[in-house]
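Asks: Residues 1159 to 1256 (our numbering) are what the sequence shown spells out, left to right.
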Amino acid sequence: MHVVTVEFVVKPECVAAFRQAVMEQAANTLREEPACRRFDVCIDLTGGNTVFLYEIYDDHTAFEEHLRSRHFQEFDSTTRAWLEQKTVQSWRLLEEGP
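Spelled out as structure tokens, the structure:
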């Protein structure tokens, strides 16, 4: 499984709009991309301007398809100016087995 984490630092004046847009993005991804197994949206405990995503895809190819999707492209272009910083990391999920 391919795991992606994303940390956004959102401009303070854009936090409400960004949270709405990212929740819509999560719902669209889960609905339209069967190879996306999980898409969690987290906010920091202080209620500040950091948003953290935890996404699980079947494989790296599925994530690449996600990046090419219309809904991702629209989200990315809409929210880019709302951000102070964006950090993306990819991981491989260690699964239990023999």
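For each residue, glycine too, the CB sits at the ideal point set by N, CA and C.
Fair warning: this is a prediction, and the values are worked out from it, not measured in the lab.
Inspect the beta-carbon positions of TYR1215 and PHE1221 and report whether they are closer than 8 Å.
Replies: Within the sequence shown, residue 1215 is the residue found at index 57, counting from 1. Within the sequence shown, residue 1221 is the residue found at index 63, counting from 1. Yes. Within cutoff.
Asks: What residue does the beta strand (DSSP E) around LEU1188 start on, and which one ends it?
Replies: For the purposes of this step, residue 1188 is taken as residue 30 along the sequence shown, with counting starting at 1. Element bounds for LEU1188: not the beta strand (DSSP E) but the alpha helix (DSSP H), 1173–1190.
Asks: So, at 6 Å on beta carbons, what are the nonlocal neighbours of ALA1184 in its own chain, with the 5 sequence-adjacent residues on each side left out?
Replies: Numbered from 1 along the sequence shown, position 26 holds the residue referred to as residue 1184. If we look at ALA1184 and ignore the five residues flanking it on each side, its Cβ neighbours are PHE1197 and VAL1199.
Asks: On the criterion of 16 or more Cβ atoms from any shown chain inside 10 Å, does HIS1224 qualify as buried, or is it exposed?
Replies: Working through the sequence shown from its first residue, we reach residue 1224 at position 66. That one is buried.
Asks: How would you call THR1219, buried or exposed, if buried means at least 16 neighbouring beta carbons within 10 angstroms?
Replies: Stepping through the sequence shown from its first residue, residue 1219 is reached at position 61. So THR1219 ends up on the exposed side.
Asks: Between the alpha carbons of GLU1232 and GLU1191, how many angstroms are there, rounded?
Replies: Within the sequence shown, the letter at position 74 stands for residue 1232. Within the sequence shown, the letter at position 33 stands for residue 1191. Computed Cα separation, rounded: 16 Å.
Asks: Going by beta carbon distance, what residues of the same chain come within less than 6 Å of HIS1160, once the five residues before and after it are set aside?
Replies: The residue you call residue 1160 lines up with position 2 of the sequence shown. Hits under 6 Å: TYR1215, ASP1217, HIS1218 and PHE1221.
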